[in-house]
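Presented below is the structure to which this report refers.
In our numbering, the protein residues as written are 499 to 1701.
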């Protein structure tokens, strides 16, 4: 405002009679500004008096001139100090006290504009109010003083948003105008000042009366303002702003054109006295061009907008509003990106917004929250464009920080709505259920704040419910999604709604389309088709969403074609999907989706018409979509499955390329940047891929490729864990720094991978929750960055010729050379497939001395039969309380869940079928003789439902038993999750130092909140008795001594461990745990450890190798976790074990282990003899039992894993 720093008219101050002081005052008034410091120092030496006040005020005037000449902030400080000291020398009753006070207020306001210290602003306002409230309107200084107070109040309003300040400022300006005569040369400026304040209130509160009055006032101003008026630039700026605000209200092109005209006139005015003012006008001009670009879409407008905004920023980088200008320039870059799809525009928008955040005062939390939210939006757009998980995680973190800067009662619904949107996007990518729960909570809060009247909030909530419906298939979520989306569409029909109706039509169409699939109602598809057509028709030309709308309509038409067979529908669908591809920029992640859609159109027509050319074109589209590197790995993996299925129609050999790519993508969808739980969920969704690929390879005689694919596509989690623990000795010799970097990042990834997802309130008063949310999100981003760094480091190592295969999937020949020489490895693959010819079972045997895999077809067995046996086995175990434990306190070491389910096959019959159809054909094909006294060592690597079967116990029992009719008559069995389980141990033998060799025993007979297992104490005593005097280091902890911390400490200092306690196999796998005195020692905690001295573990607890049905290809159980932690061999249980027989098995096991000839010299307890010891211990126990069901359930579950 033009008068804002005026000090009022000069007033002759009364002077005392001291001649010396009178002379000094005359000298100061006549002195040049440079003499201010010396005169000020001299004045301070004088005694306080009324005359001293005049001297100090005169020094203040000199400092003021000095500051205005040099802009050195210290002179502003000196001026404030001089004026304040002057006030202190004048009593409040003095007639001139208010004149002194307004000097202080004016220069505190000046200092605030320099440093943005709110204390200066508040004190300036307080002083101005004292002056104005104690001075009559007729005083000649009042117009200027009221104007200054109005200016200060408006400034505080701009920072706090407190409407009371703005209302007071407007009231003051009205008072100023009321006492201004028509001939006053200040009238144009005062009209402009009130107009400016009214437009500010309109901008905040939206009152049409304010903007209309502002327009009237500024028009009055221009009727009387002379062209050479010193405030002409400010008046032109206000006039332009009035028209710009009218445009934002009415979207009237004439208004924005007027705004541009007046802003341009303000820019063109000469001379330019203050670059800060010109910079502000340039920003407004650029903003006007931005708005015209949004309205009309002319590229030259956005080019001018960005150039003008940049010029303004460069002209006055120290302007207090420059952070706002940077944020607005970021919006211009984003607007250009909408149409150009040039990622450089998006990067420029991010950079500008980051600069705005960097220079925003910490105290300005309102602006900071807005800018953080804006930057989150930019990362959201970049995620949509590029698919980088880092970007969506950054968006979530920034939005959470924005919410954290506001209290729960003041949280902007936009912040919550955006957070919900970003969480849904991440949920779609990672499938972490906590994300969609938090997304719904955030969106519900946004809808609540807006009283269900905000269209955007309603549609975001609807889409969140839709995503949760897709995951858990709860029809109530679909109903909620439909209801909220219809409400949003209904509200948009109002003439007042100026938002993007096309987005609403598209979202409603998508929800209804999913509903028609769920309800299987063919007639429901007509409505979504209609809505998608409306979305396409109402979207502005060139809108970034149009390709998506075309694709969605095509999907609906394809669905209707598959129902009705209407040729027009599938032809239009193909045309729409091709159009979507053509409209999408090269390199966009969306191209993969549209290619897939077009391929599915062609495939659908092939399935109806049978034209081979349609099938070949479909395969080509699937191939393009899979091989394009821009799309998300999860999408490309799904497309590769269509590529595979389509290729198999031609012949299995045509599917090999598709399968090769699918296997590679399978591991990538569960990257190291995700937690273990998230990786498992992703892996589980494609768990049948590796067995399917192997079956196809076997079908065409590619046995070695089948082995490689099984190795690459199964137990992905364990391979990732092992990759982070790869020995780096050779690399360290070559490049020590690179090896150290690999080690550092691997440790960080291991630690980050096992964190648990925290579900915290999205909006909470508790600052602790805000901090935890931000901390959690920071950890997520840190893990992603570590994952990226890991990939870069691995590639760097591979660039070194001698390390070109570093951490690459092993080739068959490499696997073969590192297998044990004293036994045979048998891989059995069984898988489910839509093509009956691949729904079978095959064994591939790796025999020492052979360079190929021996194929053994198991024609009498299939996936379907395996599933029947698996269900029977589970029913049998549940019936006897073994899968989850038994209620009797003295029976077992598991948890009770008993289900009365009808049984068909007994355990004896299941073992018989496994013998006749699986094990015996393999033994016969391998010509393994029946030698119970010297059985052959065999490692079984089982896939699919076979992984839950006790092949080591297969045989004929009871009345059918005869010599040579059980697996134990021929082989000593061990199970391995993958071939790498063996090859890693053969290739990297570990030898514990002598001071670490020893046995650590855990006995937990009375775990809190668990049934007693008294056998645990007896078991520990028997073991100690067996090894007494034969092992130098034996430690047994029991009961309260066995805390998680103590157990982990001792596990890491003993080469062997024996755990006699409760355990549980959780459905999600990773939550499986041992129950100790103070809680659960879970699988995630175990796999954090890389125990260099680990040798052998005996897990005398329930379900320690049972695994999860859903993760059958991943071997997610406690025994596998111990192998991952470094143990070379593990004895475990496939289901709940009887407490009564736990001590017996352990006693027999250690009896045979101590006698075993295979253990290394000098070692009494070692992994090398564990398989043999368990084999003989179980045979001995079996000889003491009958052939009842209870007896089978007692000895069958014990199994050996590892080397």
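A virtual CB, placed ideally from N, CA and C, is assigned to each residue, including glycine.
CA-CA distance, residue i and residue j?
{"i": "residue 1359", "j": "residue 1189", "result": "15 angstroms"}
{"i": "residue 753", "j": "residue 717", "result": "14 angstroms"}
{"i": "residue 1585", "j": "residue 1571", "result": "12 angstroms"}
{"i": "residue 1519", "j": "residue 1492", "result": "24 angstroms"}
{"i": "residue 1371", "j": "residue 1006", "result": "47 angstroms"}
{"i": "residue 1401", "j": "residue 1330", "result": "Interpretation of residue 1401 is limited by its pLDDT of 48, a score under 50 that renders its predicted location unreliable; the figure taken from the coordinates is listed afterwards. Near 24 angstroms, if we compare the C-alpha coordinates of residue 1330 and residue 1401."}
{"i": "residue 1495", "j": "residue 1421", "result": "38 angstroms"}
{"i": "residue 1257", "j": "residue 960", "result": "Below a pLDDT of 50, predicted positions are generally treated as unreliable, and residue 1257, at 45, falls in that range; the measurement from the model is reported next regardless. Near 21 angstroms, if we compare the C-alpha coordinates of residue 960 and residue 1257."}
{"i": "residue 649", "j": "residue 1080", "result": "55 angstroms"}
{"i": "residue 836", "j": "residue 964", "result": "26 angstroms"}
{"i": "residue 1681", "j": "residue 1373", "result": "26 angstroms"}
{"i": "residue 814", "j": "residue 1140", "result": "58 angstroms"}
{"i": "residue 952", "j": "residue 981", "result": "14 angstroms"}
{"i": "residue 1424", "j": "residue 1465", "result": "13 angstroms"}
{"i": "residue 1071", "j": "residue 985", "result": "29 angstroms"}
{"i": "residue 785", "j": "residue 923", "result": "31 angstroms"}
Taking Cβ positions, are residue i and residue j nearer each other than 8 angstroms?
{"i": "residue 1552", "j": "residue 1599", "result": "no"}
{"i": "residue 558", "j": "residue 573", "result": "no"}
{"i": "residue 1524", "j": "residue 1645", "result": "yes"}
{"i": "residue 1164", "j": "residue 1211", "result": "yes"}
{"i": "residue 776", "j": "residue 757", "result": "no"}
{"i": "residue 1642", "j": "residue 1450", "result": "no"}
{"i": "residue 941", "j": "residue 958", "result": "yes"}
{"i": "residue 760", "j": "residue 734", "result": "yes"}
{"i": "residue 1627", "j": "residue 1669", "result": "yes"}
{"i": "residue 1569", "j": "residue 1185", "result": "no"}
{"i": "residue 731", "j": "residue 783", "result": "no"}
{"i": "residue 811", "j": "residue 824", "result": "yes"}
{"i": "residue 1555", "j": "residue 1498", "result": "yes"}
{"i": "residue 944", "j": "residue 962", "result": "no"}
{"i": "residue 657", "j": "residue 623", "result": "no"}
{"i": "residue 1603", "j": "residue 1630", "result": "yes"}
{"i": "residue 1468", "j": "residue 1428", "result": "yes"}
Starting from residue i, follow the beta strand (DSSP E) in both directions and report where the run begins and ends.
{"i": "residue 1664", "result": "Unbroken run through residue 1664: none, as it is neither H nor E."}
{"i": "residue 1076", "result": "Segment 1065–1081 is the alpha helix (DSSP H) holding residue 1076; no beta strand (DSSP E) there."}
{"i": "residue 1434", "result": "1434–1440"}
{"i": "residue 591", "result": "Where residue 591 is concerned, there is no enclosing beta strand (DSSP E), given that its DSSP letter is neither H nor E."}
I'd like the span of the alpha helix (DSSP H) that includes residue i, first residue to last.
{"i": "residue 1211", "result": "1201–1211"}
{"i": "residue 1049", "result": "1044–1062"}
{"i": "residue 817", "result": "Note, residue 817: premise wrong, no alpha helix (DSSP H); not H, not E."}
{"i": "residue 1340", "result": "Run containing residue 1340: none in the alpha helix (DSSP H); it sits in the beta strand (DSSP E), 1339–1344."}
{"i": "residue 552", "result": "548–568"}
{"i": "residue 535", "result": "534–542"}
What do you get for residue i, buried or exposed, if any count of 16 or more other CB atoms within 10 angstroms of its CB means buried?
{"i": "residue 621", "result": "buried"}
{"i": "residue 545", "result": "exposed"}
{"i": "residue 1478", "result": "buried"}
{"i": "residue 992", "result": "exposed"}
{"i": "residue 1691", "result": "buried"}
{"i": "residue 1004", "result": "buried"}
For a cutoff of 8 angstroms on Cβ pairs, would you count residue i as touching chain B?
{"i": "residue 1631", "result": "Looking for chain B here will not work: only one protein chain is present."}
The segment 763–774 touching the segment 793–804, judged by at least three CB pairs closer than 8 angstroms
no
For the 8 angstroms Cβ check, are there 3 or more pairs between the segment 542–557 and the segment 516–523? yes
Taking 8 angstroms as the cut-off, does the segment 1430–1448 touch the segment 1472–1481 (at least 3 CB pairs, one atom from each stretch)?
yes
Practice task
Check whether the segment 786–795 touches the segment 816–823, counting contact only when three or more Cβ pairs, one atom from each stretch, lie closer than 8 angstroms.
Solution key: no
Would the segment 1195–1207 count as touching the segment 1298–1316 if we require 3 or more Cβ pairs under 8 angstroms?
yes
Do the segment 681–698 and the segment 640–656 touch if we need at least three Cβ pairs shorter than 8 angstroms? yes
For the segment 1090–1108 against the segment 1117–1130, do three or more pairs of beta-carbon atoms, one drawn from each stretch, fall closer than 8 angstroms, so that the two count as touching? yes
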